[in-house]
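See below for the structure under consideration.
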Ligand code: ATR
């Protein structure tokens, strides 16, 4: 029988995940289908009961359900539990098991460009859900130093304090971090600043950026944020959010099917959809 997969969230209509995963099922000859399911806040428990009843093979979880879903699952992977958010659920012999591939997707994307992160001095901009997934995943693999800057200092302090993996970290104000920017090898931008429609905003000034540093922005719409444009002008290497999006999807696909899919094919599919949306 055809296997069933889905993404649940609110809003969900513009999710690019169904096209990406259905294309992969077709490409790898897997008899399965991936649906976008609109599940409103407050309806999550009923939705998960329904997904269990139909024996769904797996599903992605997106805003606003990534945190609440944890209490509805049979098991949660330790890293996802530490992050406190799940974006991928696998039906393992009738048990719904939760994982977080967001942080791993981002870190894998960076490692595609810089394979050894251990001696890198890293700065994360932001302290929300995405920052936490990335900070915890980076800490879990062991890196030299990860500093954080965030508009609300208390949130950055909480993020660092809650991390179960040992890592050197300092929290800086925007002004301080702009002064000492030349010390960082890698900068990861995790806030929504620079996203459509406010594309002329950027979270910090890159005036003191080190040449040849690496700047990664989790935003993919626009494909090049103002921050990345400036970083390029300063001689840095840049990466937009497509890699993270594609890789979190690739890691979900691997958990469901055992196949690590063709990243280039996925990228093409996503870019095609983004192009379509912009028209
Ligand atoms: P996500 O789960 O996508 O990471 P989030 O948890 O709401 O979203 O986190 C959003 C991040 O973007 C936070 O770091 C937030 O800063 P605060 O902790 O001070 O709220 C940051 N952010 C969003 N809009 C911002 C703005 N206009 N200026 C500065 N930081 C902003």
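Numbering (our numbering), first residue to last: 25 to 303. Think of the CB as a built atom: it goes at the ideal place given N, C-alpha and C, for glycine as much as any other residue.
What does a CB cutoff of less than 7 Å around residue 203 pick up in its chain, not counting 5 residues either side in sequence?
-> Sequence index remark: in the chain shown, residue 203 carries index 179 (1-based). So the qualifying residues of the chain are 232.
Every unbroken alpha helix (DSSP H) within the stretch 40-95, with a cutoff of 4 residues, ordered by chain | 41-51, 68-77
Inter-residue spacing [alpha-carbon to alpha-carbon] between residue 303 and residue 117 = Here residue 303 corresponds to residue number 279 of the chain shown, with the count starting at 1. Here residue 117 corresponds to residue number 93 of the chain shown, with the count starting at 1. Low local confidence applies: a pLDDT of 34 at residue 303 is under 50, so the model's placement there is unreliable, and no value is given.
Go ahead and label residue 132 buried or exposed: buried means 16 or more other beta carbons lie within 10 angstroms of its beta carbon, across all protein chains shown.
-> Working through the chain shown from its first residue, we reach residue 132 at position 108. Buried, because 16 or more other Cβ atoms sit within 10 Å of the Cβ of residue 132.
So what does DSSP say about residue 127, is it helix, strand or coil?
-> Within the chain shown, numbered from 1, the residue matching residue 127 stands at position 103. Looking at residue 127 - three-state DSSP - the assignment turns out to be helix.
Just the C-alpha distance for residue 221 and residue 173, rounded to the nearest angstrom, thanks.
-> To locate residue 221, count along the chain shown from 1; it is residue 197. To locate residue 173, count along the chain shown from 1; it is residue 149. When rounded, the distance between both Cα atoms is 23 Å.
Note down the Cα distance separating residue 275 from residue 44, rounded to an integer number of angstroms.
-> Position 251 of the chain shown holds residue 275. Position 20 of the chain shown holds residue 44. Approximately 13 Å, taken between the alpha carbons.
Write down every uninterrupted run of the alpha helix (DSSP H) in the stretch 190-270 whose length is 4 residues or greater and which is fully enclosed by it, in chain order.
-> 198-203, 250-257
heavy atom of the ligand ATR below 8 Å from residue 179 C-beta | As a first step, residue 179 is located in the chain shown; it is residue number 155 there, counting from the start. Flag set: Cβ of residue 179 near the ligand ATR.
Roughly how many angstroms lie between the CA atoms of residue 25 and residue 184, to the nearest whole one?
-> Residue mapping note: residue 25 aligns to position 1 of the chain shown, counting from 1. Residue mapping note: residue 184 aligns to position 160 of the chain shown, counting from 1. About 46 Å.
heavy atom of the ligand ATR below 8 Å from residue 221 C-beta | Start at 1 with the first residue of the chain shown, and residue 221 comes out as number 197. Not under cutoff, so the answer is no.
Please state whether DSSP places residue 119 in a helix, a strand or coil.
-> In the chain shown, residue 119 corresponds to position 95, counting from 1. Three-state DSSP puts residue 119 in a strand.
Shortest alpha-carbon distance to residue 137 belongs to which of 297, 260, 48, 205?
-> Against the chain shown, residue 137 aligns to sequence position 113. The shortest C-alpha separation from residue 137 is found at 260.
If you measure from the CB of residue 253, is any heavy atom of the ligand ATR nearer than 8 Å?
-> Counted from its first residue, the chain shown places residue 253 at position 229. Not so, every heavy atom of the ligand ATR lies at least 8 Å from the Cβ.
Assuming residue 121 contacts residue 142 (C-beta within less than 8 Å), just tell me the rounded distance between them.
-> Within the chain shown, numbered from 1, the residue matching residue 121 stands at position 97. Within the chain shown, numbered from 1, the residue matching residue 142 stands at position 118. That pair is no contact at about 30 Å.
Once you ignore the five residues that flank residue 160 on each side, which residues in its own chain have a CB closer than 7 Å to its CB?
-> As a first step, residue 160 must be located in the chain shown, where it is residue number 136. Same-chain partners within the cutoff: 103, 106, 107, 127, 187, 189.
Option in 285, 223, 65, 296 with minimal Cα separation from residue 51 = As a first step, residue 51 must be located in the chain shown, where it is residue number 27. Nearest C-alpha to residue 51: 285.
C-alpha distance - residue 88 paired with residue 236, whole-angstrom precision | Stepping through the chain shown from its first residue, residue 88 is reached at position 64. Stepping through the chain shown from its first residue, residue 236 is reached at position 212. Near 37 Å, if we compare the C-alpha coordinates of residue 236 and residue 88.
Spell out the partners DSSP gives residue 27 in its beta bridges.
-> To locate residue 27, count along the chain shown from 1; it is residue 3. Its beta-bridge partners are 56.
Identify whether residue 145 lies in helix, strand or coil by the three-state DSSP scheme.
-> As a position in the chain shown, residue 145 is number 121, starting the count at 1. DSSP places residue 145 in strand when its eight states are reduced to three.
Please confirm whether residue 147 and residue 212 have their CB atoms less than 9 Å apart.
-> What you label residue 147 is simply residue 123 of the chain shown in a count that begins at 1. What you label residue 212 is simply residue 188 of the chain shown in a count that begins at 1. Yes, they are a contact pair.
Would you list the residues sitting across from residue 111 in a DSSP beta bridge?
-> The residue you call residue 111 lines up with position 87 of the chain shown. None, per the DSSP bridge assignment.
Cα-Cα separation between residue 208 and residue 98, rounded to whole angstroms | Taking the chain shown and counting its residues from 1, the one referred to as residue 208 is at position 184. Taking the chain shown and counting its residues from 1, the one referred to as residue 98 is at position 74. Cα to Cα, residue 208 sits roughly 41 Å from residue 98.
List the DSSP bridge partners of residue 100.
-> As a first step, residue 100 must be located in the chain shown, where it is residue number 76. The partner list for residue 100 (beta bridge, DSSP) reads 122.
Sheet register partners of residue 170 (DSSP bridge) = Mapped onto the chain shown, residue 170 falls at position 146. In the DSSP output, where bridge partners are listed per residue, residue 170 has 146.
Identify which residue in 179, 154, 85 has its Cα closest to the Cα of residue 35.
-> Working through the chain shown from its first residue, we reach residue 35 at position 11. The residue with the shortest Cα to Cα distance from residue 35 is 85.
For the alpha helix (DSSP H) holding residue 152, just list the boundary residues, first then last.
-> Walking along the chain shown from the start, residue 152 turns up at place 128. Neither: residue 152 is in no alpha helix (DSSP H) and is coded neither H nor E.
Taking only heavy atoms of the ligand ATR into account, decide whether any of them is closer than 8 Å to the Cβ of residue 225.
-> As a working mapping, residue 225 is identified with position 201 in the chain shown. Flag set: Cβ of residue 225 near the ligand ATR.
Three-way DSSP call (helix, strand, coil) for residue 159 in this model = Numbered from 1 along the chain shown, position 135 holds the residue referred to as residue 159. Note: residue 159 maps to helix in three-state DSSP.
In three-state terms, what does DSSP make of residue 36?
-> By 1-based counting over the chain shown, the position of residue 36 is 12. Coil.
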